[in-house]
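Student: The structure's right below; bear with me while I get my questions together.
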Amino acid sequence: SQQGEEDPQALSIQEGENATMNCSYKTSINNLQWYRQNSGRGLVHLILIRSNEREKHSGRLRVTLDTSKKSSSLLITASRAADTASYFCATDEGGSYIPTFGRGTSLIVHP
Amino acid sequence: EAGVAQSPRYKIIEKRQSVAFWCNPISGHATLYWYQQILGQGPKLLIQFQNNGVVDDSQLPKDRFSAERLKGVDSTLKIQPAKLEDSAVYLCASSFEGYGYTFGSGTRLTVV
Chain U
1 SQQGEEDPQA LSIQEGENAT MNCSYKTSIN NLQWYRQNSG RGLVHLILIR SNEREKHSGR
61 LRVTLDTSKK SSSLLITASR AADTASYFCA TDEGGSYIPT FGRGTSLIVH P
Chain C
1 EAGVAQSPRY KIIEKRQSVA FWCNPISGHA TLYWYQQILG QGPKLLIQFQ NNGVVDDSQL
61 PKDRFSAERL KGVDSTLKIQ PAKLEDSAVY LCASSFEGYG YTFGSGTRLT VV
């Protein structure tokens, strides 16, 4: 079963703009992770946020987590063409600690 | 550190044939995962190993899929016989104590 669901399914922006992707999930989690996948490649781990954290930053990435709404958002600031990829959130269901992925958001950044 | 290695990178087979994929995790990572990613979808867990023992294989189609991790290091995933719907990217990942998952580049399987 897929725990996290990303929204929107596709996002097209111009270089320099900010990109925001959302993830909603159904059951309680221990951690939520965001991954990037370039076309035809493996997944790259971006950020892990624990259930007791509300916000984390990594370079141009900002992740927020609202456990009351069972949702998370990934913000990419000052986007670049190289950010073009699919972005997935992965949640662990209950105490499993096994990441379960959504369908992803396809981001296209136009130069 | 070296990443998760997978081979082959690509494989094309006819339906009803068999195929095997190989994964070498990051040194010291006790946990190894195999995921199946169908085009346009997110990865779906097939099996999780802790050292050489199976932790979760509830979503592995055991009538045709098998996996092993002898000696708790390398792992192989086999499909026999393959069906058209098995066409997907097969991803291997490893982690240390359940955090910081590292994925390999995957094997793209096409069944014709």
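From first to last, the protein sequence lines are chains U and C. Just so it is clear: in the first sequence, position 102 is 102 by the working numbering, and no numbers are missing. Just so it is clear: in the second sequence, position 73 is 73 by the working numbering, and no numbers are missing. C-beta atoms are modelled at their ideal positions from N, C-alpha and C, and glycine is treated no differently. Fair warning: this is a prediction, and the values are worked out from it, not measured in the lab.
Measure the C-alpha to C-alpha separation of R62 of chain U and V54 of chain C and round it to an integer number of angstroms.
Tutor: Position 62 of the first sequence, counted from the first residue, corresponds to residue 62 of chain U. Position 54 of the second sequence, counted from the first residue, corresponds to residue 54 of chain C. Spanning the two alpha carbons is a distance of roughly 35 Å.
Student: So for K71 of chain C, helix, strand or coil by DSSP?
Tutor: By one-based count along the second sequence, residue 71 of chain C stands at place 71. K71 of chain C falls in the helix class under three-state DSSP.
Student: Enumerate in chain order the residues of its own chain whose CB-to-CB distance from Q50 of chain C is below 7 Å, with the five nearest sequence positions on each side excluded.
Tutor: Taking the first residue of the second sequence as 1, we reach residue 50 of chain C at position 50. The answer, listed in chain order, is A30 and T31.
Student: Does the region 11 to 19 of chain U come close enough to the region 1 to 11 of chain C that 3 or more CB-CB pairs lie under 8 Å?
Tutor: No, the region 1 to 11 of chain C is not in contact with the region 11 to 19 of chain U.
Student: Below 6 Å CB to CB, which residues in the same chain sit around P43 of chain C once its five sequence neighbours on both sides are set aside?
Tutor: Reading the second sequence from its first residue, position 43 is the one you call residue 43 of chain C. The answer, listed in chain order, is Y35, Q37 and L91.
Student: Take the Cβ of Y10 of chain C as the centre, count every other Cβ of all protein chains shown within 10 Å, and call the residue buried at 16 or more, exposed below.
Tutor: Sequence index remark: in the second sequence, residue 10 of chain C carries index 10 (1-based). Result: exposed.
Student: Please name the residue, chosen from C:L60, C:K78, C:A88 and C:V111, that lies closest to C23 of chain C on a Cα-to-Cα basis.
Tutor: Residue 23 of chain C sits at position 23 when you count from the first residue of the second sequence. Per the Cα distances, C:K78.
Student: Following the continuous beta strand (DSSP E) through E55 of chain U, name the residue where it begins and the one where it ends.
Tutor: For the purposes of this step, residue 55 of chain U is taken as residue 55 along the first sequence, with counting starting at 1. Start and end: E55 to S58.
Student: Between the Cα of G104 of chain C and the Cα atoms of C:V111, C:D56, C:S95 and C:L39, which residue gives the shortest distance?
Tutor: Working through the second sequence from its first residue, we reach residue 104 of chain C at position 104. Selected option, being the one with the closest Cα: C:S95.
Student: If I follow the unbroken beta strand (DSSP E) through E5 of chain U, where does it start and stop?
Tutor: Taking the first sequence and counting its residues from 1, the one referred to as residue 5 of chain U is at position 5. E5 to D7 is the span of the beta strand (DSSP E), which, as asked, contains E5 of chain U.
Student: Considering only residues of the same chain and omitting the five flanking positions on each side of S71 of chain U, which have a CB-CB separation below 7 Å?
Tutor: Locating residue 71 of chain U in the first sequence gives position 71, where the first residue counts as 1. Cβ neighbours of S71 of chain U beyond the five flanking positions: N22, C23 and S24.
Student: State the beta-bridge partners of L61 of chain U as determined by DSSP.
Tutor: Within the first sequence, the letter at position 61 stands for residue 61 of chain U. In DSSP, L61 of chain U forms a bridge with U:S58 and U:I76.
Student: Using the three-state DSSP reduction, which class does A130 of chain C fall into: helix, strand or coil?
Tutor: Any answer about residue 130 of chain C is impossible in this case: the structure gives chain C only from 1 up to 112.
Student: Select from U:K26, U:I47 and U:I29 the residue whose C-alpha is nearest the C-alpha of R36 of chain U.
Tutor: Numbered from 1 along the first sequence, position 36 holds the residue referred to as residue 36 of chain U. The option with the nearest alpha carbon to R36 of chain U is U:I47.
Student: Measuring alpha carbon to alpha carbon, tell me which residue in C:S27, C:K15 and C:Q17 is nearest E97 of chain C.
Tutor: Sequence index remark: in the second sequence, residue 97 of chain C carries index 97 (1-based). Residue C:S27 is the option with its Cα nearest to E97 of chain C.
Student: At the level of alpha carbons, what is the spacing between K56 of chain U and L65 of chain U?
Tutor: As a first step, residue 56 of chain U must be located in the first sequence, where it is residue number 56. As a first step, residue 65 of chain U must be located in the first sequence, where it is residue number 65. Going by the C-alpha atoms only, they are around 9 Å apart.
Student: The region 38 to 56 of chain U: which residues have C-beta closer than 9 Å to a C-beta of chain C, in chain order?
Tutor: Those residues of the region 38 to 56 of chain U that come within reach of chain C (Cβ to Cβ, closer than 9 Å) are G40, R41, G42, L43, V44, H45 and L48.
Student: Measure the C-alpha to C-alpha separation of H110 of chain U and S12 of chain U and round it to an integer number of angstroms.
Tutor: The residue labelled residue 110 of chain U in the question sits at position 110 within the first sequence. The residue labelled residue 12 of chain U in the question sits at position 12 within the first sequence. Cα-Cα distance, rounded: 7 Å.
Student: Determine the chain U residues that contact S42 of chain C at a beta-carbon separation under 7 Å, and present them in chain order.
Tutor: As a position in the second sequence, residue 42 of chain C is number 42, starting the count at 1. Looking at the sequence itself, residue 42 of chain C is Gly, so the reference to Ser does not match. Chain U residues near G42 of chain C: Q2, F88, F101, G102, R103 and G104.
Student: Cutting at 7 Å between CB atoms, please list the residues of its own chain near K71 of chain C, excluding the five before and the five after it.
Tutor: Residue 71 of chain C sits at position 71 when you count from the first residue of the second sequence. Closer than 7 Å at the Cβ level, and outside the excluded window around K71 of chain C, lie N52.
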